[in-house]
Amino acid sequence: MRKQLLLLLFCFSVAMTFAQQKVTGVVTSTEDGLPVIGASVQVKGTGQGTITDFDGKYSVQVSPKDILVFSYMGLETQSIKVGNRVTLNVVLKSSSVMVDEVVITAMGMKAEKKKLNFAVQSLDADEITAGESSNFVNSLQGKVAGLQVSTSGGSPNSSSPMVIRAISSINPGQSNEPLFIVDGMAISGGGTAAGDINPNDIENLTVLKGAAASALYGQEAANGVIMITTKSGKSGKMVVNASANVQFENAVRTPEIQNMYAPGIYGFSAPNVSGGWGPLLQPDEQTYDNVDNFLGTGLFTKYDINMAGGTEKFTSYASAMYSKYDGIVPNDYKNRMGFLLKSSYTPSKWLKINISLNSVETEARGFGSSMGSIYNWPVNDDMSNYKNNDGSMRWLYDMSLLDDSQKLNTPVNPNWGRYEDWSETKTTRTIVAGSIEWKPIKNLVLTGKISYEKNHSSYDSAITPRFTETDFVDPSKVDLTRFGQYTYSPSTSELIRSQLTASYEYKINRDFKINALVGLDSKEYNGVSGRMGGADFILPGEFYSLNNVNAISTDASLGYSMYLNHYEENKFGYFGEIRLDYRGIVHVSGTYRTDMASTFSNTSYSYPSVTAGVIFSELFHLSSPVFSYGKLRGNFAQVGKSGPRYKFDRTFKNMSAFPDGGFGLDSTVGASNELEPEMTSSWEIGADLRFFDSRTRLDLAYYSTTVDNQIVTVRVSPASGMILQTRNEGSIKNYGIEAQLQQDIFRGKPFNWTMGINFSLNRGKVVDLPDDIVEIQGTQYGDVFPTSYLNGSTTALSGKDYMRSPDGDILCKEDGTPMINPAKSVLIGNREPDFLIGMSQKLSWKNLSLSFLFDGRVGGDVINLTKRSLISMGQDKSLEKYRNREVIVDGVVEQADGSYLPNTTPMVLNATNLSTYFTAVSSNFIEDGSYLRLSYVTIGYNFDKLIKSNPYIKGLKCSVTGKNLFTLTKYTGSDPQVGTGSASGAGGFGIDYYQVPSTRSFNFTINATF
Amino acid sequence: MLLSATSCEDALDNNVNPDKSSTATPQSMLPVVVFYASQINYDHAEYGTYLSNTLTTASKSQRNSYAYKGGWEFLTMNRHPQWRRHFYDLGANINELIDIATEAKSYNFVLIARSIRLMSTQLTTDMFGDMPRSEAYTSNSPKYDTQESIYEWMLQEADELIALYDDASWTDGINNIPITSSMDRIFNGDLAKWRQFTCAMKARILLRKLPNLDNTPETCLQIIDAVDAALVDWEDPRYEYNNENATGVANCPWGPSKPTINSWESRSNLLDKAIVSKYFCVDVMGVFSKYSFFKGYAEDPRLEKLMKARSGPATDPAKKFRYLENNIGMGVSYQEKNYPDLYESVLTRDNSYISLFTKEELLLIKAEATYWKGDKTGARALTLEATLLNMERLGVTKTAWIEEYTDGDYKTKYFPEGNAFTIHHLMLQKYICMYLQPEQWTDMRRYCYSNNVNKETYDGVIVYPTLKRPYNLYEPYWVVDDDGDGAVDETWIQRINYDPETEEKYNRLELERLGAYRNADWLKKPMIWAVYDGQHN
């Protein structure tokens, strides 16, 4: 038996020996034709194998039936049956699966997203224009995790301040908006200014969120960077695109005005008052819906044409755009005309020259936050009837009964202001940019860029005379602007930027690659702004011009005074970056930048960043049908942020208004020559995970950011010798989570369905303030301030509140009235949302497409100051139900023994009590700003197939979009996403103060390609 | 690019505003300081006229925008102009002026600047009490000096200044830059007159010892001496707003133009919205129920010179001096224009003047010291002299009415002789003479709002018998039963809160040390010179 077994084993081994053969070969790649070092050569299903050597060679023992599997990171895996071959040379192709999304990163460099070790999010042209917003910046809300856009209402001229992740400066004088980079060069302004860019010219938009992502841009990029790449020409036949766009819009959720009471005081009729605190309207008394009558239907039209084409060496792109936007408020408009011309010339493979010219002209007239005068107009007066038959103003009050002072306080009909007064702001923004890329040797690229941006605007305005001198007993005491005012305010700013970079790529071997970048950039910013004007028209009604005013003045206290201001600011920086790439699996990078600014007396300040990332799915060969890809990343970075100009010296101001003039200290400038830059220190970890053949893509990030040396301009004690003082004061910290989920629900033909979800939350906290200071306040709105509290929120609200029991209940007196906390600046709200969420869906079936976006927020207080004012004026709809009713304040009454019992004593909600106990307490108007909005729905149809045979048209698409179709929210004002238009300091978001109501719109777009 | 790299240091050394000056001269700064000296007098008087119950408004709200006009809800009120005016508009500018004038060895500017600073310090501490002085301008959170130490410093500064005014090396220094009327429209640079003003300031500072701290004959004599020193060649320090075609703040702050500095750095007088109080109109001026050709509108002929009667609404058309109890609220059928026109006065026209100190005040300081020294006859004579001077200032020309008031039917009411003349009569006249002057409220506090309710007496008499607290005061502060006996204490306001916007934030620890941090009781704490101890009743 033992012999038999030995024989069998011998025979088997002989058979094995005979079946095996040695196969050798070289593995190369199609990418560069070079040998692939370290490629895996595995015998399928056996675990046997080897790796290629430094020459890409391998040698392996196999049988003819074996299958060899050749694989390498970034190259397509190949499986080849051996057969009788003893030499097997393999050429591996670049892996199409593993070629990742390419994004534009710092300094305009393209990079695969997988090589970046920080959070970026990129939107392509379709995603940017999805929703067909008249302002593409507004439409970014909900599309990018961690990006917040607030609007200052439904006006064409509403601003669109934007914040990425959270505010970095609590100083109202410091902007928190990101830096906008267009085609590699920074432009001036924040979200509002960027809104002038024609969205149809944008090819790609990338949001660099953290400090590590934007560190190379230095002192202006501490709030993040938004990189915009505009479209370029491509070699080949010229392609022409044209599109037309029309949109109708109406106000939604306008405040409801009571329709039960006449104007008056304390329930009595009283002459010459507005609002609604008078008696009940007479049964047959006619009333008017002045708000609806005032607000109309907005109309937006836009026409675009662009052409692209070129040869191998020369390509061009040109576009022209015109849009006309009439808002829902009469004569609230914004018309724009823009041109973009880009050319690229490549005379040799070593040299490339780019040049571009972008110009946008805007004509606009805004309305601001002026809805108060409309809301408070008495309901028994027809506001639309603003003019007498003789063309004079129909006053709300009987002017014959009024003295001089009362006449001056009579409200002017808003319609008169819109139709009889005139104003227009004309703005021209021109950006000329050029760059040269020179490759003097292999792998070395020298790039020089220069851009010149010029902004010119002029505000021209004529306010018609409200009175004539004969209207007054003593006209000499009347402000001359009441007899008409003319204003012309020109301003010009110039921004010259230049940048020089050198990048070099060095392959140490197949596994290791180093990229190095060094560069320097400079910025020169200067401008001049002024005002000319005067008051008291000599020939009223004849013509309105500076040549027709009686009074001009340099007295700054007068509303029509003249002034001229110049400014200049310079910045300079140099920087370097080094990146190490190991087999495309591990990426490490570091940057270092030194900045100098004319606004600091210290000569320079420097800061580093380091990043690292590993694609662990490939390092550990974890890819499977379920788990496709995984990367972990982390970074640490510091970025400095510059401060305001002209703060070194105390200056003296000409007190020209004083009886004997003279020069005195200028209270608006406090000497601050010890200012240091704000310094952002940030770390971030994240993961990029993909599942099910990358159908499910999840990106997670956690970040923590501390901003030290906050530069704040604060109203200090005059006992310090200053009124305002700009100084470094304290630190804030932000930390948060971002998640982006992309899910291909159906992938293929004819049906595609992709869903995207963005989630972000941030917690901002003031961690340090000097000198026992516990709060920093922003711009005042009555007794309400955006406030940053020590050890509290950076975006809180302070104001008045009630006295409260230890349990937080409102303390009431025995008579049932609530007790008001005498303290000012009590924490009453926090505007920071619990989290933000956006959910987009994109479906297509054959030529039909449907996309929509839900945008939402949980938490985040809004203060409804519009409602407070409406109640104060007796105009709020709720007064129909509650006025003069008895209510029991939901509070407690302190007992003699210190205990508390629920208040059971009613109080009457009359004008006095509402004024004393309700509207005087701003905490009553804090509301939950949570919402879920159907931001837009777009249905499109592609007619390409129908016109296939048409020789003139290559493509035709039509779409219909409905925007702001519904909003689920408990907020009682027009829009919980409201703001005052400021992203400076603690910001103006979450403050509802008479903005133009938000709108719901329907948009029709047709796009043709020729 | 290379050029920018090599020249970046030059480009970066560019942070000087081309539209603003970083230097000034004594000549250019003095007009500003003198103007603010006038303004701070107005700032204090504008608050004081309401706080001393002379004027009120149509509102009865417990929470007025301006707490001093109504419910005394001060803790939420910020930016009191007096604080800024003293420390910044005057203080910081005076520091600069003193520095550059000292550097130029032009000491005449230094003397005027220091005299004005002395006045500003006294006005400010009398409104706020403790405040930064010794550490002011040295940090953002300077220590608050006690009011006692501030008064010590002021007395010392007054003496030092008077000595320097007598030092020719200061007054006639060869480097002294001549001061013109356009730099100093009060005294045209006449240092002798500024000296007399400084003497008057010393008298006012010394007066604070009366009646609560020290009313010994020695102190009274000291005060009388200071007044006498001031009265030599006395001329009222008047800031005249007499520019033709003046606009804005070139008009008198009390005038109908209602000027404000830079639209918010001062408070407009709003006299068109102000209403004369019942206390002032009835109890002090003795207004008649109707006009009499022979007697006029009121016992005191000055009433018609301080304001003008006006018609009422259709239901009450007569032209008369209507009035309101403080903060009681106006009837719905009335408007402010039905109440007296407060701009009808030589003090309240656009081209009126602000007097930093009046001769009436000097005479009445002397009268008060004379009274407490025990010479009632002398006190009466000085009071009468001041009254007649005040009538002359206001333009009272009807001799018969003057005589009726001082020596006729109303003599026993206003100017009784002998021991019948009391501190009540004296302070009543000072109350009138100090109309629209800061001392009006200070005097009332100095005599602890002595009235029929609190029954606090001086020399056995109640000084302001019919004085009543305003109606509808802010309940959380002023309608509280501190004693727990069911009775509400009729406490009065004694001082103004420190600015919540600045002091609470940047000097919170000092406020907490004082007990002033968000504490309504701080408003009730008397000044050091207003602590009633009952010793002088």
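From first to last, the protein sequence lines are chains A and F.
Using my numbering, the first residue of the first sequence is number 4, and each one after it goes up by one.
Using my numbering, the first residue of the second sequence is number 17, and each one after it goes up by one.
Glycine included, C-beta positions come from ideal geometry on N, C-alpha and C.
- Boundaries around Asn867/A are those of the beta strand (DSSP E), Asp864 to Asn867, since no alpha helix (DSSP H) includes it.
- Interface annotation, Thr263/F: in contact with chain A, CB-CB separation under 8 Å.
- Proximity of the segment 535-544 of chain A to the segment 552-563 of chain A meets the contact definition, three or more beta-carbon pairs being nearer than 8 Å.
- Within the segment 702-722 of chain A, the residues whose Cβ lies closer than 7 Å to any Cβ of chain F are, in chain order, Arg718, Val719, Ser720, Pro721 and Ala722.
- Taking 8 Å as the cut-off, the beta carbon of Phe992/A is found closer than this to the beta carbon of Gly982/A.
- Beyond the five residues adjoining it in sequence on each side, Thr482/F comes within less than 6 Å, by CB distance, of Asp299 in the same chain, given in chain order.
- Going by DSSP, Gln55/F is part of the alpha helix (DSSP H) stretching over Pro42 to Leu67.
- For Arg648/A, a Cβ of chain F is located within less than 8 Å of the residue's own Cβ.
- By the rule that beta-carbons nearer than 8 Å mark a contact, Thr518/F touches chain A.
- Using a CB distance cut-off of 8 Å, Ile823/A counts as an interface residue toward chain F.
- Using beta-carbon distances, Pro202/A does not count as an interface residue toward chain F, since no partner is under 8 Å.
- Scanning chain F for C-beta atoms nearer than 9 Å to the C-beta of His459/A yields nothing, as the closest lies near 20 Å away.
- Under DSSP, the beta-bridge partners assigned to Lys966/A are Tyr939/A and Ser1004/A.
- The segment 647-716 of chain A contains, as complete beta strand (DSSP E) runs of 3+ residues, the segments 655-657, 666-668, 681-694 and 699-711 (chain order).
- The beta carbon of Leu404/F sits closer than 8 Å to the beta carbons of Ile418 and Thr422 from its chain, once the five residues preceding and following it are set aside; these are given in chain order.
- Around Ser197/F, the same chain offers Asn204 as residues with beta carbons nearer than 6 Å, after the five sequence neighbours per side are excluded.
- Judged by their CB atoms, Glu491/F and Arg95/F are not nearer to each other than the 8 Å cut-off.
- Proximity of chain A to Ala536/F at the Cβ level (cut-off 9 Å) is accounted for by Pro825, in chain order.
- Looking at the backbone, the Cα of Ser77/F and that of Met346/F are separated by about 11 Å.
- Counting C-beta atoms within 10 angstroms of its own C-beta, Leu567/A has fewer than 16 neighbours from the protein chains shown and is therefore classed as exposed.
- In this structure, DSSP gives Phe317/A an extended state, which the three-state scheme calls strand.
- Asn945/A and Val963/A have their C-alpha atoms spaced approximately 12 Å apart.
- Separation of the CB atoms of Ile813/A and Pro825/A is rounded to 15 Å, and the pair is thereby denied contact status at 8 Å.
- In this structure, the straight-line span from the alpha carbon of Ala215/A to that of Val29/A is close to 41 Å.
- Looking at the DSSP output, Arg860/A shares a beta bridge with Leu839/A and Tyr934/A.
- The Cβ-Cβ distance between Val382/A and Gly279/A falls below 8 Å.
- Bounds of the beta strand (DSSP E) holding His569/A are Tyr566 to Tyr585.
- Counting every other CB atom within 10 Å of its CB across the protein chains shown gives Tyr160/F a total of 16 or more, marking it as buried.
- Gly965/A and Val613/A have their C-alpha atoms roughly 45 Å apart.
- For chain A, the residues of the segment 33-51 of chain F that bring a beta carbon within less than 9 Å of one of its beta carbons are Asn33, Pro34, Asp35, Lys36, Ser37, Ser38, Thr39, Ala40, Thr41, Gln43, Ser44, Met45, Leu46, Pro47, Val48, Val49, Val50 and Phe51, in chain order.
- In this chain, Asp537/F is not harboured by any beta strand (DSSP E), its DSSP state being neither H nor E.
- Identification of residues in the segment 919-932 of chain A having a C-beta nearer than 9 Å to some C-beta of chain F yields Thr919 and Ala923, given in sequence order.
- In the three-state DSSP reduction, Asn458/A falls in the strand class (E or B).
- By the rule that beta-carbons nearer than 8 Å mark a contact, Met658/A touches chain F.
- In chain order, Met725 and Gln728 place their CB closer than 6 Å to the CB of Val719/A, counting only its own chain and leaving out the 5 sequence neighbours on each side.
- For Val895/A, the enclosing beta strand (DSSP E) covers residues Gly894 to Glu897.
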